[in-house]
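Residue numbers 11 to 603, in my numbering, belong to the letters of the sequence shown in order. Note that beta-carbon positions come from the ideal geometry of N, C-alpha and C, so glycine has one too. Given the structure is predicted, the values throughout are model-derived calculations rather than measurements.
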Amino acid sequence: MNSVIDELDTLFRAAIRSAWDLDADPLIAISGNEKFGDYQSNAAMGLAKLLAEKTGQKTNPRAIAEKITANLHLGDLASAPPTIAGPGFINIRLNPQWLQKRLGQLAADANLGLHRAQHPQRVVVDYSGPNIAKEMHVGHLRSTIIGDAISRAIESQGHQVIRQNHIGDWGTQFGMLIAYLNMPNRESPVDYSVTVGGGAQSDQIVIRDLEDFYRKAKQKFDEDPVFADTARACVVRLQSGDESARNYWRGIVAGTRSHYEPLYDRLGVKLRQEHERGESFYNPFLADVVKELKDKRIAEESQGAIVVPVEGFEAPLIIEKTGGGYLYATTDLAAIRFRIQELKANRIIYTHDSRQAQHFAQVFATAKKAGWAEGVSLEYAPFGTMLGEDGKPFKTRSGGTVKLKELLDEAQQRALEVLERERPELPEDQKKSIAPMVGIGAVKYADLSKDRTSDYVFSWDQMLNFKGNSAPYLQYVYARIRSIFRKASLEFGRGSTSPTPPIILEAPAEIALAKQILRLNEVIDLVARELKPHHLAGYLYELAIRFSGFYENCPVLQSQEPTRSSRLALAELTARTMATGLDLLGIAQPEQM
Numbered sequence: 011m012n013s014v015i016d017e018l019d020t021l022f023r024a025a026i027r028s029a030w031d032l033d034a035d036p037l038i039a040i041s042g043n044e045k046f047g048d049y050q051s052n053a054a055m056g057l058a059k060l061l062a063e064k065t066g067q068k069t070n071p072r073a074i075a076e077k078i079t080a081n082l083h084l085g086d087l088a089s090a091p092p093t094i095a096g097p098g099f100i101n102i103r104l105n106p107q108w109l110q111k112r113l114g115q116l117a118a119d120a121n122l123g124l125h126r127a128q129h130p131q132r133v134v135v136d137y138s139g140p141n142i143a144k145e146m147h148v149g150h151l152r153s154t155i156i157g158d159a160i161s162r163a164i165e166s167q168g169h170q171v172i173r174q175n176h177i178g179d180w181g182t183q184f185g186m187l188i189a190y191l192n193m194p195n196r197e198s199p200v201d202y203s204v205t206v207g208g209g210a211q212s213d214q215i216v217i218r219d220l221e222d223f224y225r226k227a228k229q230k231f232d233e234d235p236v237f238a239d240t241a242r243a244c245v246v247r248l249q250s251g252d253e254s255a256r257n258y259w260r261g262i263v264a265g266t267r268s269h270y271e272p273l274y275d276r277l278g279v280k281l282r283q284e285h286e287r288g289e290s291f292y293n294p295f296l297a298d299v300v301k302e303l304k305d306k307r308i309a310e311e312s313q314g315a316i317v318v319p320v321e322g323f324e325a326p327l328i329i330e331k332t333g334g335g336y337l338y339a340t341t342d343l344a345a346i347r348f349r350i351q352e353l354k355a356n357r358i359i360y361t362h363d364s365r366q367a368q369h370f371a372q373v374f375a376t377a378k379k380a381g382w383a384e385g386v387s388l389e390y391a392p393f394g395t396m397l398g399e400d401g402k403p404f405k406t407r408s409g410g411t412v413k414l415k416e417l418l419d420e421a422q423q424r425a426l427e428v429l430e431r432e433r434p435e436l437p438e439d440q441k442k443s444i445a446p447m448v449g450i451g452a453v454k455y456a457d458l459s460k461d462r463t464s465d466y467v468f469s470w471d472q473m474l475n476f477k478g479n480s481a482p483y484l485q486y487v488y489a490r491i492r493s494i495f496r497k498a499s500l501e502f503g504r505g506s507t508s509p510t511p512p513i514i515l516e517a518p519a520e521i522a523l524a525k526q527i528l529r530l531n532e533v534i535d536l537v538a539r540e541l542k543p544h545h546l547a548g549y550l551y552e553l554a555i556r557f558s559g560f561y562e563n564c565p566v567l568q569s570q571e572p573t574r575s576s577r578l579a580l581a582e583l584t585a586r587t588m589a590t591g592l593d594l595l596g597i598a599q600p601e602q603m
């Protein structure tokens, strides 16, 4: 089902073609001020300039707007003729009867009218990227949840999303880790359960404390020259394909995966083992990438290294070090080539720290110069830093890195404490089952509700506030709607299985809520285009506010028929819309709170 913006776009384009035989973007947007209308076209100023260039005659933008409206046929979509404000803004106010009809269509649609792309694309989204033999920390949070929300939004439009988790699973440090596992008298043998080579338990390495494992291996490497030589020999064995070394390496990767996969499950992100393509996967392709760039005379030698000069940057992109050895740039170029040539991507999106801007600009420019990315959109969706309440990067009290598991544990515990205070009447087991949904939802929403390009301050009080712009507030509004149906002993979701009662819009609060419900498609389009989930978070908060206004001003169960059934249908449609939006953000929806 088309969004309101899509429908208005079609109608305005027809009016512009009729007036001047031009195909011009009517620039339809939601009105900044509802007193003027619900939607507006900002095309008149641009058309005045275009027509002046085409005809050599200046035309007043307001006259342009008047001619557009004279050729505009809105049918029953608008409640009154368009109005013109200022220098030529054309304002449209939706007809409540048209809104009623559209809401009825949405309520009867199991997919809530979410429109599917006419030309579906294959979209690769690169996000999360944990490092092997290290625990995930708060620095991984933003990439993981922003990438997941972007993936969900694009997927909801009918595109094929190919998630890619570019894990750090290759490099010289693995020689150190393998050598440490092979030590006969490790300092902490109880910390590591190792079975490598033969039998049903082959390649199983259980590392109970990744940080301890890595730290002790690194300490041994720095302090013991004999161990360091052994570690370097292990690197050679690993890179030459020695099966014993490869077994240990696979075991370390699997052992690390056993740490981060439960975190993905807790966060509700859709990353699985089949989405992993780490540095090891691309390693066999690196030499060929360098050769191809040299053969195409894109790469050149500079002081013994192989580099790619990139226009606009003083420093070139280094793809092979002096004396041999490859870099992150080489791996990223191999990944782009693979994703285009093998995965057949039409669009590739990277969610990474904003400090990587130059790196991705140079890598993208190189891929385009090599001819790999013709007709493919390469997009970088950077994000800012999570700050503590002191305005500095978020750390532990001792100044260390905050482990992601510990953050989620604390979120769950704090949510339980808030539920004890705010909802003491709930049974204890219910509070304990809701606490993970509320706590982790709060952490995710606090991040996703901010423009990803900005830094943001991490505040437990704000994110767990039941009355502010927070996940608990949205979850509470959703649960409150569900409670209406429980009180009335009515089945929720009947719109998908039985005829939907007609929705009648009479009160201003009903009309305001209906207009917000209809904007879901528009917001998802915006998220998918700009790669900014905060648009969806803001939409859901406004939806919750408008529902609260409706609930306070429009009695539901106490109303007479047919108003009662109409308002129940409107409440149910609101809850379904809110659940859909929260699900696109990866946030759970408790049925009771």
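Would a C-beta distance cut-off of 8 Å place residue i and residue j closer than the cut-off?
i	j	result
T340	L296	yes
V279	T154	yes
R556	C564	no
A75	I102	no
V487	A581	no
I329	I316	yes
L592	L530	no
A355	I172	yes
Q167	A538	yes
V134	R349	yes
N156	L417	Checking the sequence shown, residue 156 turns out to be Ile, not Asn. It is not a contact, given that the beta carbons lie outside the stated cut-off.
L546	L594	yes
M11	G98	no
L388	F404	no
In whole angstroms, give me the CA-to-CA distance for residue i and residue j.
i	j	result
A579	I513	7 Å
S464	E384	31 Å
G394	G66	47 Å
I358	T376	15 Å
Q568	G398	47 Å
R218	G449	25 Å
N479	Y360	28 Å
P437	Q602	11 Å
V236	T182	16 Å
S250	S13	56 Å
V263	E310	35 Å
A29	R462	41 Å
Q174	I100	44 Å
G56	D35	9 Å
R27	L414	55 Å
When you compare each of the options to residue i by their alpha carbons, which one comes out closest?
i	options	result
S7	L343, P392, I172 and D86	The question about residue 7 has no answer, for the chain in this structure spans 11 to 603.
I527	G478, I494 and A585	A585
D234	N121, F374, D275 and Y190	Y190
N52	L18, L84, K68 and E63	L18
S469	K454, D461 and R462	K454
E289	W30, G42, I26 and I177	I177
V428	R462, Q472, P403 and D400	Q472
R431	F476, C244, D252 and G335	F476
K304	S13, V318 and Q423	V318
R112	T510, I444, L595 and Q422	T510
H125	V533, L583 and P572	V533
A524	A34, I38, E145 and Q115	Q115
K228	F184, N257, P36 and T266	F184
R282	F370, Y270 and W382	Y270
I38	S575, E420 and D16	D16
T573	A598, L515, I188 and M396	L515
E520	F560, G548 and P91	F560
Let's test the definition: count the other Cβ atoms within 10 Å of the Cβ of residue i and tell me whether it reaches 16, buried, or not, exposed.
i	result
S408	exposed
V246	exposed
N43	exposed
T587	buried
V216	exposed
H83	exposed
H362	buried
L32	exposed
S212	The predicted model places S212 with a pLDDT of 41, which falls under 50 and marks its position as unreliable, so this point remains unresolved.
Q372	buried
L500	exposed
Between residue i and chain D, is the shortest Cβ-Cβ distance under 8 Å, so that the two count as touching?
i	result
I521	Among the protein chains of the structure shown there is no chain D, as only one such chain exists.
Does the beta-carbon of residue i, which I'm using as the reference point, lie nearer than 7 Å to any heavy atom of the ligand HEM?
i	result
E427	Within the structure as shown, the ligand HEM is missing, as the structure has no ligands at all.
Uninterrupted alpha helix (DSSP H) stretches inside the segment 257-334 (no shorter than 4 residues):
If we require 4 residues or more, the alpha helix (DSSP H) runs fully inside the segment 257-334 come out as 289-292 and 296-305.
For the segment 141-192, list the alpha helix (DSSP H) runs that are entirely contained and at least 4 residues long, ordered along the chain.
Segments of the alpha helix (DSSP H) lying fully in the segment 141-192: 151-166 and 183-191.
Fully enclosed by the segment 82-124, which alpha helix (DSSP H) runs are 4 residues long or longer?
Listed in chain order, the complete alpha helix (DSSP H) runs (minimum 4 residues) inside the segment 82-124 are 106-117.
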